[in-house]
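Working notes for the structure below.
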Amino acid sequence: MTTTASPPVPAAGVRHGGRSVTAAMCACVLVAQSLVAAINLAIPKITASALHPSHSQMLWIVDIYVLVFAGLLIPAGALGDRFGRKGTLLTGLGAFGAGTLLCALAPELPVLMAGRALSGAGAALLVPATMSVLLHTAPPERRAGAVAAWSTAMGAGGLAGNAGGGLLVQYLPWQGLFLVYVPLALALLVWVARSAPRVPTQTAALDLPGSALLALGAGTLLFGIIEGPDRGWLSAPVAGAFALALVLITVFVRHGLRAAHPILDPRLFRLPRLRAGSVGIAVTFFGMFALFYVNGQFLQYVKGYSPMQTGAAIVPLAVGMMVCTKLGVHGAERLGEARTAGAGLALIATGLLLLSTADAHTSYLRYLVFLLVLSAGAGLAMPTLSHAIVASVPASRSGMGSGLQGAARELGASLGIAVTGTALSTHLTSGTTHATTFTEATTLSYRIAAAVVLLVGITVVTGLRTRTRTDGGT
1 MTTTASPPVP AAGVRHGGRS VTAAMCACVL VAQSLVAAIN LAIPKITASA
51 LHPSHSQMLW IVDIYVLVFA GLLIPAGALG DRFGRKGTLL TGLGAFGAGT
101 LLCALAPELP VLMAGRALSG AGAALLVPAT MSVLLHTAPP ERRAGAVAAW
151 STAMGAGGLA GNAGGGLLVQ YLPWQGLFLV YVPLALALLV WVARSAPRVP
201 TQTAALDLPG SALLALGAGT LLFGIIEGPD RGWLSAPVAG AFALALVLIT
251 VFVRHGLRAA HPILDPRLFR LPRLRAGSVG IAVTFFGMFA LFYVNGQFLQ
301 YVKGYSPMQT GAAIVPLAVG MMVCTKLGVH GAERLGEART AGAGLALIAT
351 GLLLLSTADA HTSYLRYLVF LLVLSAGAGL AMPTLSHAIV ASVPASRSGM
401 GSGLQGAARE LGASLGIAVT GTALSTHLTS GTTHATTFTE ATTLSYRIAA
451 AVVLLVGITV VTGLRTRTRT DGGT
């Protein structure tokens with residue numbers, strides 16, 4: 001992150017927008033986050049449409065929004081600092097709406113992907129700006145509650161996308177899913193323009209080389225993962241993509257060590273708790289979005305659910321997350337971060353393994369138990385890991401810590417989609433929807449995701465057990 005000041009604090013005499021501004025900021029992040037998940041309910045309709053995307057192309061349609069969202073999230077925060085948060089937020093809403101309109105009108109796959117990328121860029125611009133506006137307008141005594149409401153809205157976005165996306169796809173063609181987001185973006189733009197105040201700008205250096213290296217490194221890594229099954233894992237494009245990703249990430253680290261104001265200072269990762277918290281957040285969302293990507297297709301292709309039933313089937317996830325989030329906060333205080341986060345990640349992996357046993361004959365009640373195990377794990381892990389990041393970062397770099405947490409979340413989601421989608425495609429040919437074949441592919445996908453969560457979870461727990469001083473910078 002390139003911001004040189006801590007999050008804005010309301011100055012004396014500032015007129016607070018109160019609950020209207022809080023509600024507007026929460027609505028913005030909920031809508032942006034919901035589109036990450038909503039697309040999964042439309043996969044069967046898009047696959048059967050005149051566009052006829054292959055498995056790898058379908059993965060790009062889903063993942064490019066999250067990839068651009070993740071890659072631009074940290075530099076977007078610096079843009080807001082330099083040019084103004086309200087203006088950046090309004091620009092983000094405009095880009096988000098324009099991107100969804102382009103998706104709805106897309107006559108061919110490249111246009112659809114371009115629309116998804118534009119929407120992701122808009123989401124990256126608006127999310128950090130909403131937090132800045134919220135912190136500026138909320139009175140000190142209400143700031144904690146406002147941030148909690150914002151975090152809840154961000155977390156609820158995925159579930160809202162599943163439920164709302166299922167309802168829309170049930171009665172509309174796949175284009176209707178994107179078209180509905182256009183008036184939503186316009187309504188939010190008007191609401192924000194009327195209710196949100198202008199926030200004073202801060203000194204910020206835009207690390208354009210670092211931003212480009214980060215985005216390109218993540219993009220080439222995902223290219224290798226997604227294109228591997230179709231092109232061959234040892235083919236020149238795929239092997240070259242993995243090699244280029246390694247080079248770009250190496251150059252990104254070297255650049256961060258030398259730059260005066262890097263987008264992300266690699267020296268922060270010398271702090272074991274911050275490193276563990278960042279990786280832990282990423283792998284938590286890896287597991288969650290592995291579920292979101294596979295679940296929508298499994299319930300429709302294997303169980304024969306309608307899109308609306310599919311969206312409703314996953315809503316109870318919210319119950320486990322809400323209940324266990326409070327337990328996670330108290331557990332970290334009493335049992336320690338390592339044990340609480342470790343238990344959460346173990347439950348996520350267990351939930352994925354249980355889901356891998358589901359087939360056409362599995363009752364919804366049993367399937368629901370599997371979902372609740374996974375959601376309980378997410379509820380335990382997320383607040384614990386988020387606190388580990390925030391508590392590890394020196395106060396002078398709190399903005400970087402916030403941006404790192406958001407980028408880790410979205411990058412983990414994009415990798416979860418890519419890895420599980422790739423695992424699916426290794427068992428399926430283009431257009432395959434046979435229940436038995438799809439069940440086998442689903443089993444493989446969930447078990448690979450569970451293995452990743454377990455293995456990475458071990459390193460996360462090890463890092464959280466290391467106590468470091470957090471008052472000395474890097």
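The letter at position 373 of the sequence shown is residue 373 when you use our numbering, and the numbering goes up by one with no holes. Just so it is clear, CB atoms sit at the ideal spot from N, CA and C, and this is done for glycine as well. From a predicted model like this one, the values you see are computed outputs, not experimental measurements.
| task | State the DSSP-derived secondary structure class of I249, mapped to helix, strand or coil. | result | helix
| said: By the three-class DSSP mapping on this structure, what secondary structure does V393 have? | reply: coil
| task | Would you decide whether V247 is buried or exposed? Buried here means 16 or more other CB atoms lie within 10 Å of its CB. | result | exposed
| message | Runs of 4 residues minimum, wholly inside the segment 224-281: which ones carry the alpha helix (DSSP H) assignment? | response | 236-258
| query | Any idea if Y65 is buried or exposed, counting beta-carbon neighbours within 10 angstroms, 16 or more meaning buried? | reply | buried
| request: On a CA-only basis, which of G412, C324 and G94 is nearest A290? Give me that one, please. | output: G412
| task | Could you check which residue in D63, G155, L89 and G77 has the C-alpha nearest to that of I263? | result | G77
| query | What are the boundary residues of the alpha helix (DSSP H) that includes T462? | reply | A435 to L464
| Using the C-alpha atoms, what's the distance from L167 back to Q175? | 13 Å
| Beta-carbon separation of S49 and G161 under 7 Å? | no
| field | Cβ-based burial, W233 [other Cβ within 10 Å; buried from 16] | value | exposed
| query | If we ignore side chains and look at the alpha-carbon of each, how far apart do F285 and E410 end up? | reply | 7 Å
| What is the C-beta distance between L134 and A146, in whole angstroms, given that I count them as a contact (C-beta under 8 Å)? | 5 Å
| Inter-residue Cα distance where the pair is A388 and V456 | 16 Å
| field | Coil, strand or helix - Y305 by DSSP | value | coil
| CB-CB under 6 Å to F249, same chain, minus the five flanking residues each way: which ones, in chain order? | Inspection of the sequence shows that residue 249 is occupied by Ile rather than by Phe. If we look at I249 and ignore the five residues flanking it on each side, its Cβ neighbours are G217.
| said: Is G165 a contact residue of the ligand NAD, with contact defined as CB to any heavy atom under 6 Å? | reply: Questions concerning the ligand NAD fall outside what the structure shown contains, since it holds no ligand whatsoever.
| query | For A117, which residues from the same chain have a beta carbon less than 6 Å from its beta carbon, with the 5 sequence-adjacent residues on both sides left out? | reply | I64 and V68
| request: Look up T362 in the DSSP assignment and say whether it is helix, strand or coil. | output: coil
| field | R85 - containing alpha helix (DSSP H), residue span | value | R85 to L105
| task | Pick out the complete alpha helix (DSSP H) segments inside the segment 15-67, 4 residues or longer, and give them in chain order. | result | 19-38 and 43-47
| G311 beta carbon less than 7 Å from that of L41 | yes
| For S375 versus Y446, is the C-beta spacing smaller than 7 Å? | no
| message | Only counting the same chain, and skipping five residues up and downstream in sequence, which positions put a Cβ closer than 7 Å to that of T91? | response | L125
| Sufficient close CB pairs (3 or more, under 8 Å) joining the segment 266-283 to the segment 329-349 | yes
| Short check: CB of L299 to CB of A450, under 7 Å? | no
| said: With distance defined between alpha-carbon atoms, name the residue in Y301, R465, G158 and P316 nearest to R366. | reply: P316
| request: Output the boundary residues of the alpha helix (DSSP H) element that contains R339. | output: E337 to L355
| query | Buried or exposed: V461, going by 16 or more other Cβ atoms within 10 Å of its Cβ? | reply | buried
| query | Sorted by chain position, which residues of the same chain lie with C-beta nearer than 6 Å to P44's C-beta, five sequence neighbours on each side aside? | reply | Q300
| query | Can you tell which of L274, T436, A239 and W150 has the C-alpha that lies nearest to the C-alpha of A408? | reply | L274
| query | Skipping 5 residues on each side, what residues in its chain have a beta carbon closer than 7 Å to that of L177? | reply | A38, A42, G165, L168 and V169
| message | Across the segment 98-106 and the segment 179-186, are there enough close Cβ pairs to call them in contact, namely three or more that are closer than 8 Å? | response | yes
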